[in-house]
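Undergrad:
Number of protein chains: 2
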Amino acid sequence: MAYTVGQVAKAAGVTVRTLHHYDEISLLSPSGRTAAGYRRYDDADLERLQLIRYYRELGFPLEEIAAILDDPRVDPAAHLRRQHELLTGRIGKLQEMVAAIELAMEARRMNINLTPEERFEVFGDVDPDQYADEAERRWGGSEAYRESNRRVARYGKDDWLRNKAENEDWGRRFVAVMDSGVPADSAEAMALAEEHRQLISRWFYDCSYEIHTGLADMYLADERFTAHYEAIHPGLTAYLAEAIHANAISRA
Amino acid sequence: MAYTVGQVAKAAGVTVRTLHHYDEISLLSPSGRTAAGYRRYDDADLERLQLIRYYRELGFPLEEIAAILDDPRVDPAAHLRRQHELLTGRIGKLQEMVAAIELAMEARRMNINLTPEERFEVFGDVDPDQYADEAERRWGGSEAYRESNRRVARYGKDDWLRNKAENEDWGRRFVAVMDSGVPADSAEAMALAEEHRQLISRWFYDCSYEIHTGLADMYLADERFTAHYEAIHPGLTAYLAEAIHANAISRA
DNA sequence: GCTTGACCCTCACGTGACGGGAGGCCGCAG
DNA sequence: CTGCGGCCTCCCGTCACGTGAGGGTCAAGC
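What follows is the structure, encoded as structure tokens:
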């Protein structure tokens, strides 16, 4: 099976220029040429291109790709295995980034200042304990609370009061359900978990079930959020987290 | 809180040169300068840098990032929400890529030729039904079977015969267990699923439990693999897939 | 058998996002 | 007051292509 540059380009989702470039630097030279000088690619070339595309997607420079592909000690199957590993690693990193985004969203919502290392730790290369006075900035957010209300530009003072009232109303009803002794996966607790989700959605950002369960885990893991909920009522954090999970499962 | 270029660079995992560049193009200009002309970044700058880093990681060009960050219609929380969506989308794409790698690995193992669109469909931009005679190349692999044995360079003829014998032996014993009527999650079936995994690991590539269950799903989804196993014994594919899953769970 | 339009070729310069060095101030620990 | 690490501004280099310019090729249709 032979293919022209155009066909290969279209199939692989690259431009013709890219294939020319790969030919120029001898990363992927077509196995032959026609009498008129047209490039002819065969199945083996496509296989090589597939490996190249995956390595590229993983961020490898072309020179390095050429080196590892032309290494005679590595057989083709090993490349696939390697790419599988690299990809799952990459997925893990992106999931951490998702968690970091959720952290940033909740920090906004609760008016908590993030430290620089919290903002960027998912990008690696952070050298811990270089910010000695972390605790200060970490909790300094409560000081900024009143004035920062103005920072969420589109809300007026009365909006904030209504928001606060709704939150407190929800808190009272949630504590009542909790104290009534029903389990966290009861219909009542789940209904209030759902209300919690909709409260966030209405006031801050569209909170999917996926994000919501992410938040629940974060409340348990991060002492600042735990503190926020434990201050309402001891044991509330764990109970809420369980109710959120149960609610998300039941709606799936 | 004020930071110097070096501090910001170290925290955010970028170089000082990058921050200079962002300043040059007015993507991220420090909120102030010292008397000596030193750049001074504050917390708001870091917040902006966090957004920039995420958008960059997602592949946005700097100019576009500047445009969306400076769009007054978009509030900060919306950016986070947007990045959350983009990230989860990206994760989904990478998971498809992982599946495609697993497909390529199994295709190698079973000597099945992949079509160009199968190699590259995860990269998008494929225009279907442009390869009309797909079916021919799809199944053309069986013809190439005998001669392609030589292509897996490091194996000699006797290696292949031993491999084949081991495979057939496993197949006979698996059919026996299946016909004995025990469920697919019985100890016997799971033991043979485990043997299947180790057979792949010994002869082709290191097959983790994760990959193994990925393969099981593929056997059910892709008719070529289904055909391979159904040819051994009808109903084997589904039984094997279930046994593989049960085995993977029990070892976790 | 000749045109026409889609596709191919080789230069060759342009671009985005920085890397890296030169040459020279700044600031604080000893 | 003297290092020495950190900061500054040019400014050229690089990588992976993008984007024409100028020109040959090929199958389809008239």
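Chains Z and B supply the protein sequences, listed in that same order.
Position one of the first sequence corresponds to residue 8 (this note's numbering), numbered consecutively onward.
Position one of the second sequence corresponds to residue 8 (this note's numbering), numbered consecutively onward.
For every residue, glycine included, the Cβ atom is placed at its ideal position computed from N, Cα and C.
These numbers come from a predicted model, not from an experiment.
Please report the distance separating the alpha-carbon of Arg115(B) from that of His86(B).
TA: Each residue's alpha carbon lies about 43 Å from the other.
Undergrad: Taking Cβ-Cβ distances shorter than 9 Å, what residues in chain B pair up with Tyr212(Z)?
TA: In chain order: Ala84, Ala85, Leu87, Arg88 and His91.
Undergrad: Alpha carbon to alpha carbon, how far is Ala19(Z) from Ile207(B)?
TA: Going by the C-alpha atoms only, they are around 29 Å apart.
Undergrad: So with CB distances below 7 Å, who are the chain Z contacts of Thr95(B)?
TA: Per Cβ cutoff of 7 Å: Val105.
Undergrad: Return yes when the Cβ of Met112(B) is within less than 7 Å of the Cβ of Val129(B), no when it is not.
TA: No; because the gap between Cβ atoms is not below 7 Å, this pair is not in contact.
Undergrad: Please name the residue, chosen from Glu175(B), Thr122(B), Arg209(B) and Asp50(B), that lies closest to Glu125(Z) on a Cα-to-Cα basis.
TA: When only C-alpha atoms are compared, the closest one is Asp50(B).
Undergrad: Whose C-beta lies closer than 6 Å to the C-beta of Phe181(Z) among residues of the same chain, with five residues either side of it excluded?
TA: Result list for Phe181(Z): Leu199, in chain order.
Undergrad: In or out: Ile1(Z) buried (at least 16 other Cβ within 10 Å) or exposed?
TA: The structure shown does not extend to residue 1(Z), since chain Z is modelled only from 8 to 259, so the question has no answer here.
Undergrad: Any heavy atom of the ligand COA closer than 6 Å to the beta-carbon of Ser36(B)?
TA: This structure lacks the ligand COA; in fact it carries no ligand of any kind.
Undergrad: Between Gln57(Z) and chain B, is any beta-carbon pair separated by less than 7 Å?
TA: Answer yes: the Cβ-Cβ gap between Gln57(Z) and chain B drops below 7 Å somewhere.
Undergrad: Pop quiz: Tyr226(B) and Leu247(B) are said to be a contact at Cβ under 8 Å. What is the actual Cβ separation, rounded to whole angstroms?
TA: That belief holds up - the Cβ atoms of Tyr226(B) and Leu247(B) are roughly 7 Å apart, short of 8 Å.
Undergrad: Against chain B, does Gly99(Z) count as a neighbour if the rule is that its beta carbon must be under 7 Å from one of theirs?
TA: No, its Cβ sits nowhere closer than 7 Å to a Cβ of chain B.
Undergrad: Select from the segment 16 to 27 of chain Z all residues with a C-beta closer than 7 Å to any C-beta belonging to chain B, and list them in chain order.
TA: Listed by position, the residues of the segment 16 to 27 of chain Z near chain B (Cβ gap below 7 Å) are Lys17, Ala18, Ala19 and Gly20.
Undergrad: Whose Cβ in chain Z lies nearer than 7 Å to the Cβ of Leu53(B)?
TA: Under the 7 Å cutoff, chain Z gives Pro123 and Arg126.
Undergrad: According to the Cβ coordinates, are Arg88(Z) and Tyr212(B) closer than 7 Å?
TA: Closer than 7 Å, so yes.
Undergrad: Around the Cβ of Val261(Z), are there at least 16 other Cβ atoms within 10 angstroms (buried) or fewer (exposed)?
TA: With chain Z running from 8 to 259 in the structure shown, residue 261(Z) is simply not present.
Undergrad: Report the option in Gly66(Z), Leu243(Z) and Arg204(Z) whose CA atom is closest to the CA atom of Val184(Z).
TA: The shortest Cα separation from Val184(Z) among Gly66(Z), Leu243(Z) and Arg204(Z) belongs to Leu243(Z).
Undergrad: At 9 Å on the CB atoms, spell out the chain Z contacts of Asn112(B), in chain order.
TA: The sequence given here has Met at residue 112(B), not Asn. Result: Ala84, Leu87, Arg88 and His91.
Undergrad: In chain order, what residues of the same chain lie with their CB nearer than 8 Å to the CB of Thr11(Z), ignoring the 5 residues before and after it?
TA: Once the five neighbours on either side are set aside, the close Cβ partners of Thr11(Z) are Tyr45, Arg46, Arg47 and Tyr48.
Undergrad: What is the DSSP secondary structure of Asn46(Z), counted as helix, strand or coil?
TA: Per the sequence shown, the amino acid found at residue 46(Z) is Arg instead of Asn. Arg46(Z) falls in the strand class under three-state DSSP.
Undergrad: What are the residues in the segment 57 to 83 of chain Z lying within 8 Å of chain B by C-beta distance?
TA: Listed by position, the residues of the segment 57 to 83 of chain Z near chain B (Cβ gap below 8 Å) are Gln57, Arg60, Tyr61, Glu64, Asp82 and Pro83.
Undergrad: Under the three-state reduction of DSSP, which class applies to Gly39(Z): helix, strand or coil?
TA: Looking at Gly39(Z) - three-state DSSP - the assignment turns out to be strand.
Undergrad: Identify which residue in Ile239(B), Asp224(B) and Ala234(B) has its Cα closest to the Cα of Asp176(B).
TA: For Asp176(B), the nearest C-alpha among the options comes from Ile239(B).
Undergrad: Compare the Cα-Cα distances from Leu94(Z) to each of Ala42(Z), Gly66(Z), Met8(Z) and Ile218(Z) and report the closest residue.
TA: Comparing Cα-Cα distances from Leu94(Z) to each of Ala42(Z), Gly66(Z), Met8(Z) and Ile218(Z), the minimum goes to Gly66(Z).
Undergrad: How about Pro123(B) and Leu53(Z): do their beta carbons lie closer than 7 Å?
TA: Contact: yes.
Undergrad: Name the chain Z residues that come within less than 7 Å of Gln102(B), Cβ to Cβ?
TA: By Cβ distance, chain Z contributes Ile98.
Undergrad: From the beta carbon of Phe232(B), is the nearest beta carbon of chain Z less than 7 Å away?
TA: Chain Z, which has no Cβ nearer than 7 Å to the Cβ of Phe232(B), makes this no.
Undergrad: On the criterion of 16 or more Cβ atoms from any shown chain inside 10 Å, does Gln205(Z) qualify as buried, or is it exposed?
TA: With fewer than 16 other Cβ atoms within 10 Å, it is exposed.
Undergrad: In chain Z, what lies closer than 9 Å to Arg115(B) by C-beta?
TA: Going along chain Z in sequence order, the residues near Arg115(B) (Cβ under 9 Å) are Pro83, Ala84 and Leu87.
Undergrad: Closest by CA to Ser193(B), which one among Leu222(B), Ser257(B) and Gly99(B)?
TA: Measuring from the Cα of Ser193(B), the nearest candidate turns out to be Ser257(B).
Undergrad: Tell me, to the nearest whole angstrom, how far the beta carbon of Arg304(Z) is from that of Leu69(B); I am working on the premise that it is less than 8 Å.
TA: Here chain Z has residues from 8 to 259 only, and residue 304(Z) is not among them.
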